[in-house]
Amino acid sequence: AQSVTQLGSHVSVSEGALVLLRCNYSSSVPPYLFWYVQYPNQGLQLLLKYTSAATLVKGINGFEAEFKKSETSFHLTKPSAHMSDAAEYFCAVSVGKAAGNKLTFGGGTRVLVKP
Amino acid sequence: NAGVMQNPRHLVRRRGQEARLRCSPMKGHSHVYWYRQLPEEGLKFMVYLQKENIIDESGMPKERFSAEFPKEGPSILRIQQVVRGDSAAYFCASSPGQGLSGNTIYFGEGSWLTVV
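Dropping the structure here:
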């Protein structure tokens, strides 16, 4: 079975600083990987996804993530944090065509942006 | 193109009552998923449905919970005899095509259930 671990349940960054959110996965087959963002009391919005094409994936709002098979990682970065980036971020994995789109989520990382 | 629509957004139930949560997938989507988010936790998969079929219910509690996605109308997640531990946000998601892994799934705004 696949699993996702997000290191750090809370991250605090200064406005303009680098945002780095860590995600490691375990899967016995090539995974599909996703990052979602959740604003308070709202649903999840897809930031980006990896589906075995380019290992560096660019998403919305200036975010990008790099798939590293050797490290089983899919860390999310943004060069310069904005106040509007304050939210909770979830990494997720799905595997195998038969699994449909059943996603396994990490525990989430809450980002606080300081002015 | 309207997104995934969930209602009600907020629901308060007394212990022992029934809760019904509705989800209309995005237009053209025939695959529906329900996830539950307990306070301070990530989302946990509950059930995956196609029209008139439950494909995977491995995440559903064995008792009191049921889901359906009829030929006509929204998908419904039903919780009978609710208890305080059922208080959570319930998210519906939908996807197009054949529901293959890697297809983007789109989430609704969620239904927040509070059991008092």
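Protein chains in written order, with our numbering: chain Z, 17 to 131; chain V, 177 to 292.
All C-beta atoms in this analysis are idealised placements derived from N, C-alpha and C, irrespective of residue type, glycine included.
- Among the residues of the region 202-219 of chain V, those with a Cβ less than 9 Å away from any Cβ of chain Z are His207, Tyr209, Tyr211, Gln213, Glu216, Glu217, Gly218 and Leu219, in the order of the chain.
- Of the candidates Arg196/V, Gly192/V, Leu253/V and Lys203/V, the residue whose Cα lies closest to the Cα of Phe221/V is Leu253/V.
- At least one CB atom of chain V sits nearer than 7 Å to the CB of Gln58/Z.
- Interface flag for Phe121/Z against chain V is set, since a Cβ pair is found closer than 7 Å.
- Below the 7 Å Cβ cutoff, chain V contributes Gly218 as neighbours of Gly124/Z, in chain order.
- Under the 7 Å criterion on CB atoms, Glu285/V is classed as interfacial with respect to chain Z.
- As the crow flies, the alpha-carbon of Lys227/V is around 34 Å from that of Cys39/Z.
- Between Ala178/V and the set Phe283/V, Leu289/V and Val292/V, the nearest pair of CA atoms involves Phe283/V.
- Ranking Lys238/V, Gln182/V and Glu217/V by CA distance to the CA of Cys199/V puts Gln182/V first.
- For Leu219/V, the CB contacts under 8 Å within the same chain, skipping 5 residues up- and downstream, are Tyr211, Arg212, Gln213 and Phe267 in chain order.
- With its beta carbon less than 7 Å from one in chain V, Leu62/Z belongs to the interface.
- Taking CB atoms only, Lys74/Z has no neighbour in chain V less than 7 Å away.
- The three-state reading of DSSP puts Lys74/Z in strand, counting E and B together.
- About 11 Å separates the beta carbons of Ser287/V and Val180/V, which is beyond the 8 Å limit, so they are not a contact pair.
- The Cβ of Lys118/Z sits closer than 7 Å to at least one Cβ of chain V.
- In the three-state reduction of the DSSP assignment, Met236/V falls in the coil class.
- The shortest C-alpha to C-alpha distance from Tyr52/Z to any of Glu104/Z, Pro131/Z, Thr93/Z and Val129/Z is the one to Glu104/Z.
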